[in-house]
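Below: one structure, written as structure tokens.
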Amino acid sequence: MDIENMKKDWQQDSFAGQHQSAPYLQAQNQRKHRQTFQRLRLRLIIEASLITLLLLLAYDFFDGEKRALWTYGLLWAGGLAWVVNHLRLFRLSRTVLDATTVKANLQNLRMRYQQQAWLGPLLLILFQGALMSFLLSGLDLTGRAGWIIGGMSLGILVGAALNRQYWLRRARNLTDLLAAW
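When we follow numbering that gives the first Met the number 0, the leftmost residue of the sequence shown carries the number 0, and every step to the right adds one.
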């Protein structure tokens with residue numbers, strides 16, 4: 000979409016203000032925004048590749064024959080769910096939403112961010128829990144190991160909470176913008 004079409008769509012919406020100038024619309028497409036998405040895409044590609052590599056090599060490298068088979072299946076289920084979610088986020092970062100107005104595009108994007116706010120932490124807990132169960136299965140755990148496992152579990156929950164806050168903050172920013180519309 001070129002700048003003139005964007006400006007025309009922006010002016011057709013009911014939001015009136017100083018942000019309708021051509022320089023402002025051009026600033027929205029500047030390098031800062033592209034670099035943010037490029038970093039996100041790079042991170043998604045690296046994480047998905049490493050998780051896929053882990054899934055392919057886990058049985059051989061981590062003595063899979065000594066571990067319960069259900070933990071290996073759980074690891075695959077959690078890992079594939081995590082990779083599919085990364086592919087979904089990658090697609091979201093690359094596509095231009097197809098609604099007819101800017102406001103409708105922002106509403107669609109807010110809905111997708113809100114979905115990710117619950118799906119991301121859930122899949123994070125599933126994958127990391129599956130990884131922990133795979134790595135810890137077949138081991139004789141002592142009293143100290145319980146504290147270590149508890150600390151790891153707490154770390155997973157903190158990571159999930161931070162992931163949720165990140166996506167909720169993005170959705171909230173769009174909600175504030177739409178409220179001013």
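Virtual Cβ for every residue (Gly too), placed ideally from N, Cα, C.
Three-state secondary structure assigned by DSSP to phenylalanine 61: DSSP places phenylalanine 61 in coil when its eight states are reduced to three.
Glycine 149 - DSSP class collapsed to helix/strand/coil: Secondary structure at glycine 149: helix, using DSSP grouped into helix, strand and coil.
Buried or exposed (CB count within 10 angstroms, at least 16 for buried), arginine 42: The residue is exposed, with fewer than 16 neighbouring Cβ atoms inside 10 Å.
DSSP three-state assignment for alanine 132, whether helix, strand or coil: Per the sequence shown, the amino acid found at residue 132 is serine instead of alanine. Helix.
Buried or exposed by the 16-neighbour rule on C-beta atoms within 10 Å, applied to asparagine 4: Exposed: under 16 other Cβ atoms inside 10 Å.
Contacting residues, own chain, Cβ-Cβ under 8 Å from arginine 109 (five flanking each side not counted): Excluding sequence neighbours, arginine 109 sits near Ala170, Leu173, Thr174 and Leu177.
Stretch pair the stretch 125-133 + the stretch 147-164: three plus CB contacts closer than 8 Å: The stretch 125-133 vs the stretch 147-164: in contact.
Rounded separation between leucine 79 and phenylalanine 133 - CA only: So the two alpha carbons sit approximately 15 Å from each other.
Leucine 140 to isoleucine 148 span [Cα, whole Å]: Across the structure, leucine 140 and isoleucine 148 are spaced so that their CA atoms are roughly 10 Å apart.
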